[in-house]
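The structure appears right after this line, and notes come after that.
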Amino acid sequence: MSNPSSSWIAQFNPGDRVEISPRDPGFRGSWYAGTVVRREAKNTNRYVVEYDQLYEDESGEKLLQETLDWIQLRPPPPPPEKKVQFKFEDEVEAFYSDGWWEGAIITEHSGGKFAVFLRGFEEQIVFEEKDLRLPVQWVKGKWEPRFEQVQREKEVS
């Protein structure tokens with residue numbers, strides 16, 4: 001694969017904190033925290049990354065390292081500018097099984113808890129507000145809200 005000529009393609013350096021989107025079918029729609037170990041010399045669009053909380057084996061002694069395409073990496077998203085008021089039908093990412101997973105709020109519970117349907121698991125799980133975030137997209141080198149978020153903000157205005 002040749003180097004794309006677009007200047008906006010993410011360039012990561014060893015030690016950079018990233019979120020990783022694995023391509024394995026059981027991990028679609030998820031993002032995991034990790035660190036860039038190095039960039040491949042022969043294919044500069046590929047990086048060796050190490051996950052923060054995924055391990056190579058059941059013993060949990062050696063963190064998993066993978067070589068991935070640049071498109072599977074992004075910087076960690078910035079914290080929200082203001083407190084998010086989650087509500088029914090919001091598209092969210094929920095922290096579950098060591099990563100952030102795509103889902104939608106299907107029920108609001110008392111005490112700041114929400115039932116979320118996680119697409120990757122095809123099940124409903126109750127989360128505390130602290131384990132939810134609004135999804136954002138890393139597009140051409142900058143963070144952008146997803147379409148649903150833009151629509152929601154227009155409705156509130």
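The letter at position 127 of the sequence shown is residue 127 when you use full-length UniProt numbering, and the numbering goes up by one with no holes. Note that the Cβ used here is the ideal one computed from N, Cα and C, for glycine as well.
Residue i, buried or exposed, once every other Cβ within 10 Å from all chains shown has been counted against 16
i           : result
W101        : buried
residue 176 : Since the first residue shown for the chain is 1 and the last is 157, residue 176 is missing from the structure and cannot be characterised.
N3          : Confidence at N3 is low in this model, with a pLDDT of 47, below 50, so the placement of that residue is unreliable and no value is reported for it.
W143        : exposed
F30         : Before going further, note that residue 30 is Ser rather than Phe in the sequence given. Result: buried.
G60         : exposed
G112        : exposed
I106        : exposed
V49         : buried
Own chain, CB closer than 6 Å to residue i, minus 5 neighbours either side, in chain order
i    : result
W138 : R74
S21  : W31 and Q72
Cut-off 8 Å between Cβ atoms - residues of its own chain near residue i, not counting five sequence neighbours on either side
i   : result
S5  : Note that S5 scores 45 on pLDDT, short of 50, meaning its location in the model is unreliable and no value can be drawn from it.
P80 : R133 and L134
Y96 : L118, F121, I125, F127 and D131
Reduced DSSP category for residue i - H, G, I as helix; E, B as strand; rest coil
i    : result
E56  : coil
Q11  : coil
E61  : coil
D131 : helix
P145 : strand
S6   : Note that S6 scores 48 on pLDDT, short of 50, meaning its location in the model is unreliable and no value can be drawn from it.
F27  : helix
Q72  : helix
Q124 : strand
V116 : strand
V84  : coil
Strand pairing of residue i, partner residues [DSSP]
i           : result
E93         : E102 and R133
V48         : R38 and T67
residue 161 : Only positions 1 to 157 of the chain appear in this structure, which leaves residue 161 out of reach.
Proximal residues to residue i (C-beta, below 7 Å), its chain only, five neighbours per side dropped
i    : result
V136 : P77, W143, E144, P145 and R146
Neighbour flag for residue i against chain B, beta carbons, 8 Å
i   : result
G99 : In the structure shown, chain B does not exist; there is a single protein chain.
Assess, as a yes-or-no matter, whether the region 24-43 is touched by the region 120-127 under the definition of 3 or more beta carbon pairs within less than 8 Å. yes
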